[in-house]
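J.: After the structure tokens below, expect a handful of questions from me.
Residue numbers (UniProt numbering), protein chains in the order written: chain Y, 1 to 292; chain V, 1 to 447.
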């Protein structure tokens with residue numbers, strides 16, 4: 001207000017009577033902030049890479065020439081034994097099915113859990129509105145726990161096999177999908193719910209008949225996306241823990257030379273599966289969301 | 001039925017559609033149930049009950065929140081050691097035993113609380129259990145011989161030829177040829193702040209605060225605050241300094257990998273977007289490259305990279321970088337294809353070249369979308385970096401797997417779990433906060 005009364009002070013505040021100068025001033029300041037941010041970012045990245053390089057066992061420049069060594073070693077040995085390859089593919093197919101089963105079961109269980117949690121945590125739909133923050137924190141916690149933590153602890157108790165991996169992925173899936181499901185459910189039309197309330201429907205009936213038909217396409221689309229992610233996660237968990245094709249890969253890798261044809265067979269199976277599932281789920285999701 | 005023939009075909013279609021829906025509503029849950037049943041059989045869920053080690057679960061749960069102290073006497077040399085978790089690092093000095101262990105005239109008395117008292121003396125050892133009686137063990141020709149109160153032997157006492165062991169609520173007692181050992185369980189993570197060799201061990205928070213602010217120097221060479229910080233940081237049981245480094249390394253891997261991938265994928269995204277790249281072949285080639293990178297999967301990239309670069313955070317960062325370059329390339333090119341062409345047109349009308357059109361017409365439009373995706377991946381990669389760290393050997397993932405493999409430091413596992421969850425939550429709220437600050441009107445995370 002003072003500025004208007006006493007006139008602009010040149011140099012300190014933009015002179016509104018001269019829009020060109022004001023604009024250039026604004027631009028200059030914006031560029032300066034952008035420059036500072038850029039320098040900060042570049043500095044962080046550079047020092048980060050240097051630090052990471054220092055704490056690594058092998059340096060970047062020493063390792064770079066060797067990058068191709070391992071793949072070419074594996075591929076050349078597998079090429080020499082290429083006659084074995086079809087047999088190996090058949091041999092590891094059951095493990096692949098187990099990996100996909102782990103992903104599918106955990107996605108299913110996780111999605112069921114997420115449906116319950118998300119409905120309980122959505123404003124306007126919750127069974128107990130006061131408990132919404134509780135269910136939200138629960139989902140946050142589920143989401144934050146990495147699969148590997150649960151899987152490794154459960155392997156100690158339950159022994160090896162697919163069940164620890166299923167539980168671990170399902171817990172994480174519950175949290176991750178719960179958040180997304182709840183965001184979708186927040187935008188659901190409440191009129192059907194009110195209609196059902198007026199005829200005396202219970203909470204379960206209101207959700208089942210009033211909300212779920214509205215949100216199902218989006219929910220299924222998110223669940224399919226999660227399935228893609230979970231196939232990868234179950235392969236990784238197999239490598240670190242046990243169960244599925246990841247475990248076979250670890251065994252083959254530990255053996256080292258002489259079993260690289262197995263490594264290649266497992267790699268091929270994994271690659272084809274992931275690409276195929278990505279494609280199918282992409283197409284299914286496009287249809288679901290467009291149809292909705 | 002007559003009503004149906006008179007009714008218009010609309011009612012018939014509605015009824016049929018209702019029937020179909022009803023059947024579907026039954027069929028979908030039935031299919032899911034059938035699949036889950038198949039999975040339960042193929043995962044051998046029935047055999048799981050037999051394989052599950054509930055005793056392991058009990059050990060794990062007890063270790064999560066409590067610790068045990070071993071009071072061990074070597075039966076050959078007669079030497080007595082009191083050590084937390086039986087570790088050399090947690091061994092009490094012989095003249096500074098905890099106050100529930102007392103030694104007088106060659107007789108060791110261990111007070112387990114609730115009236116349970118264990119005594120070691122020259123002739124053997126005794127465990128006085130309130131409400132039951134005294135379990136007396138003395139060696140005869142090297143073998144432990146046990147004298148129990150009259151009555152049947154309860155199942156919490158096991159008597160074998162060479163070993164006698166008693167498990168009660170208060171503790172555990174075992175006598176074998178070579179040694180006699182008593183475990184006392186106490187809640188809490190022992191020596192979490194200071195180890196036994198630190199002058200600050202066993203002092204309460206108030207006393208520590210007093211020492212830090214006004215007290216005399218415990219160690220004349222350094223001030224009390226510096227001593228506390230250093231003793232905490234270099235704690236030999238918990239290695240707080242190393243753990244903080246490991247957490248930092250994990251976040252570093254996620255940051256470097258995500259940002260590096262975004263920087264690489266941005267120009268590549270332009271080359272793969274149909275409205276930016278007129279040459280179809282180039283576009284097609286880049287898309288297939290993205291598909292290939294994504295299809296190979298992080299696991300394989302991690303293995304290949306760790307062979308070349310060895311274990312460490314850089315390997316992990318590079319693994320995240322390569323995997324996410326594929327994902328970002330796809331996402332960025334899709335975002336670029338969905339831009340509003342009018343703004344580009346406007347810039348073109350001023351005579352701007354190709355680069356200028358991209359800089360002033362395209363980038364401002366896609367920045368919010370890209371930034372939101374990058375921040376989302378940053379959060380999700382913090383979690384992945386834990387797993388990748390376990391494979392490449394770096395960060396908190398490595399510490400966690402090591403602690404789990406030893407199968408006895410479960411309190412450390414619990415500690416790391418808490419830290420990991422806190423770290424991921426912190427990154428989650430940081431990326432959410434940045435998203436809200438940088439992108440106005442963003443409704444929240446995507447996918």
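Just so you know, even glycine gets a beta-carbon here, dropped at the ideal spot from N, CA and C.
Please read all numbers here as calculations on a predicted model, not as lab measurements.
Could you check whether the stretch 145 to 152 of chain Y touches the stretch 86 to 103 of chain Y, counting it as contact only if at least three pairs of C-beta atoms, one from each stretch, sit closer than 8 Å?
T.: No, the stretch 145 to 152 of chain Y is not in contact with the stretch 86 to 103 of chain Y.
J.: With DSSP run on the structure shown, which of helix, strand or coil describes residue 192 (chain Y)?
T.: Helix at residue 192 (chain Y).
J.: On the DSSP letters alone, give me the boundaries of the alpha helix (DSSP H) that residue 151 (chain Y) sits inside.
T.: Start and end: 147 to 158.
J.: Apart from the five residues just before and just after residue 157 (chain V), which ones in its own chain have a Cβ nearer than 6 Å to its Cβ?
T.: Once the five neighbours on either side are set aside, the close Cβ partners of residue 157 (chain V) are 166.
J.: Do residue 293 (chain V) and residue 250 (chain V) count as a contact pair if the criterion is CB distance below 8 Å?
T.: No. Outside cutoff.
J.: Which residue comes first and which comes last in the alpha helix (DSSP H) that contains residue 179 (chain V)?
T.: Taken as a continuous stretch (DSSP letters only), residue 179 (chain V) belongs to no alpha helix (DSSP H), being part of the beta strand (DSSP E) at 179 to 187.
J.: Using alpha carbons as the reference points, say which of Y:212, Y:75, Y:288 and Y:253 lies closest to residue 112 (chain Y).
T.: When only C-alpha atoms are compared, the closest one is Y:212.
J.: From residue 45 (chain Y) to residue 248 (chain V), what distance separates their C-alpha atoms?
T.: So the two alpha carbons sit approximately 14 Å from each other.
J.: Who are the neighbours of residue 407 (chain V) on chain Y, taking C-beta pairs under 9 Å?
T.: 156, listed in chain order.
J.: For residue 139 (chain V), return the contacting residues in chain Y, with the cut-off set at a CB-CB distance below 7 Å.
T.: Within 7 Å Cβ-Cβ: nothing; residue 139 (chain V) doesn't reach chain Y, min ~36 Å.
J.: Taking the runs of the alpha helix (DSSP H) that are 4 residues or longer, which of them lie wholly in the stretch 85 to 137 of chain Y?
T.: Within the stretch 85 to 137 of chain Y, the complete alpha helix (DSSP H) runs of at least 4 residues are 85 to 120.
J.: How long is the line joining the alpha carbons of residue 76 (chain Y) and residue 302 (chain V), rounded to whole angstroms?
T.: Each residue's Cα considered, the two are about 20 Å apart.
J.: List, in chain order, every chain Y residue whose beta-carbon is nearer than 7 Å to that of residue 291 (chain V).
T.: Within 7 Å Cβ-Cβ: 275.
J.: For residue 121 (chain Y), which residues in the same chain have their Cβ closer than 6 Å to its Cβ, ignoring the five residues on either side in sequence?
T.: Counting only Cβ-Cβ distances below 6 Å, and skipping sequence neighbours, we find 132, 135, 136 and 182.
J.: What does residue 101 (chain V) pair with, by DSSP beta-bridge criteria?
T.: Residue 101 (chain V) is bridged to V:110.
J.: Would the beta-carbon of residue 107 (chain Y) fall within 8 Å of that of residue 244 (chain Y)?
T.: No, they are not a contact pair.
J.: Quick check on DSSP: helix, strand or coil for residue 72 (chain V)?
T.: If DSSP states are grouped into helix, strand and coil, residue 72 (chain V) belongs with the strands.
J.: Using CA coordinates, which residue listed in V:121, V:94, V:93 and V:90 is at the minimum distance from residue 105 (chain V)?
T.: For residue 105 (chain V), the nearest C-alpha among the options comes from V:121.
J.: Counting only beta-carbon separations shorter than 8 Å, does residue 146 (chain Y) have a partner in chain V?
T.: Chain V contact via Cβ: present.
J.: Which residues does DSSP list as the beta-bridge partners of residue 144 (chain V)?
T.: According to DSSP, residue 144 (chain V) bridges with V:139.
J.: When you compare the CB of residue 420 (chain V) with every CB in chain Y, is at least one pair closer than 8 Å?
T.: Yes - at least one Cβ of chain Y is within 8 Å of the one on residue 420 (chain V).
J.: Kindly list, in the order they appear in chain V, the residues whose Cβ is closer than 7 Å to that of residue 66 (chain Y).
T.: Chain V residues near residue 66 (chain Y): 308.
J.: For residue 1 (chain Y) and chain V, any beta-carbon pair shorter than 8 Å?
T.: Because the pLDDT of residue 1 (chain Y) is 45, which lies under 50, any placement of that residue in the model is unreliable, and the number read from its coordinates should be weighed accordingly. Chain V contact via Cβ: absent.
J.: Go ahead and label residue 131 (chain V) buried or exposed: buried means 16 or more other beta carbons lie within 10 angstroms of its beta carbon, across all protein chains shown.
T.: Exposed: under 16 other Cβ atoms inside 10 Å.
J.: Let me see if you follow: with CB-CB separation under 8 Å, is residue 169 (chain Y) close to chain V or not?
T.: Answer no: the Cβ-Cβ gap between residue 169 (chain Y) and chain V never drops below 8 Å.
J.: Is residue 417 (chain V) close to chain Y? Criterion is C-beta to C-beta, closer than 8 Å.
T.: Residue 417 (chain V) counts as touching chain Y.
J.: From which residue to which residue does the alpha helix (DSSP H) around residue 242 (chain V) run?
T.: Where residue 242 (chain V) is concerned, the enclosing alpha helix (DSSP H) stretches over 240 to 272.
J.: Quick one: does residue 217 (chain V) have its CB under 8 Å from some CB of chain Y?
T.: It does not; no Cβ of chain Y falls within 8 Å.
J.: Name the DSSP bridge partner or partners of residue 157 (chain V)?
T.: V:166.
J.: Which of the three DSSP states, helix, strand or coil, is assigned to residue 218 (chain V)?
T.: Of the three classes helix, strand and coil, the one that applies to residue 218 (chain V) here is coil, per DSSP.
J.: Short check: CB of residue 457 (chain V) to CB of residue 81 (chain V), under 8 Å?
T.: Because chain V is modelled from 1 through 447, residue 457 (chain V) falls outside the range shown and cannot be assessed.
J.: Report the three-state DSSP secondary structure of residue 366 (chain V) (helix, strand or coil).
T.: Of the three classes helix, strand and coil, the one that applies to residue 366 (chain V) here is helix, per DSSP.
J.: With a threshold of 16 other CB atoms inside 10 Å of the CB of residue 290 (chain V), please say whether the residue is buried or exposed.
T.: So residue 290 (chain V) counts as buried.
J.: Using the Cα positions of residue 285 (chain Y) and residue 230 (chain Y), report the straight-line distance between them to the nearest angstrom.
T.: Using only the alpha carbons, I get a separation of about 16 Å.
J.: Could you tell me the distance, in whole angstroms, from the CA atom of residue 59 (chain V) to the CA atom of residue 67 (chain V)?
T.: Their backbone Cα atoms lie some 11 Å apart in a straight line.
J.: Do we get a CB-CB distance below 8 Å when we pair residue 311 (chain V) with the residues of chain Y?
T.: It does; some Cβ of chain Y falls within 8 Å.
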